[in-house]
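Notes to accompany the following structure.
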Amino acid sequence: EDLSCKESFEIEIEGSDREDLLINWLRGLLYLHQVKGMLLKSFSISKIDDSQLSGTVEGERFDTGRHIIKREVKAATYHDLSILQEEGQWTARVIFDL
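Each residue of the sequence shown is one higher than the last, beginning at 131 in this note's numbering.
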């Protein structure tokens with residue numbers, strides 16, 4: 131079943147550089163899932179620069195009667211992390227601990 135956007139959370143993240151900012155963003159999303167029980171569907175970034183990110187995420191709480199999680203992500207890591215900009219497009223490679 132599709133996820134609904136029943137709840138929203140404002141997120142403000144800081145990092146020492148782009149890589150740190152990305153990992154902190156992902157860790158913030160994992161916190162919402164692991165601690166608050168959220169399944170996230172919609173992501174909107176309102177402000178971003180090399181060291182700060184602000185935005186809104188939306189989703190709904192995990193419901194064992196409706197949702198199945200096949201594999202849990204435990205952490206976002208810095209291992210082999212890369213962020214590249216080519217022809218106006220950004221690409222990131224992140225390795226997660228499962």
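Backbone N, C-alpha and C define an ideal beta-carbon position, used for all residues, glycine too. Every value quoted in this text rests on a predicted model; they were computed, and no experiment measured them.
Asked                                                                                                                             : Found
Can you give me the start and stop residues for the alpha helix (DSSP H) that Ile153 sits inside?                                 : 148 to 164
For a test of the three-state rule: what should DSSP assign to Thr194, helix, strand or coil?                                     : coil
Assuming Arg157 contacts Ala206 under a Cβ cut-off of 8 Å, what Cβ separation, rounded to an integer in Å, is found between them? : 6 Å
Go to Lys177, then tell me how far its beta strand (DSSP E) extends in each direction, as first and last residue.                 : 168 to 178
Between which two residues does the beta strand (DSSP E) containing Ser212 stretch?                                               : 212 to 216
Under the DSSP definition of a beta bridge, which residues are partnered with Asp227?                                             : Ala205
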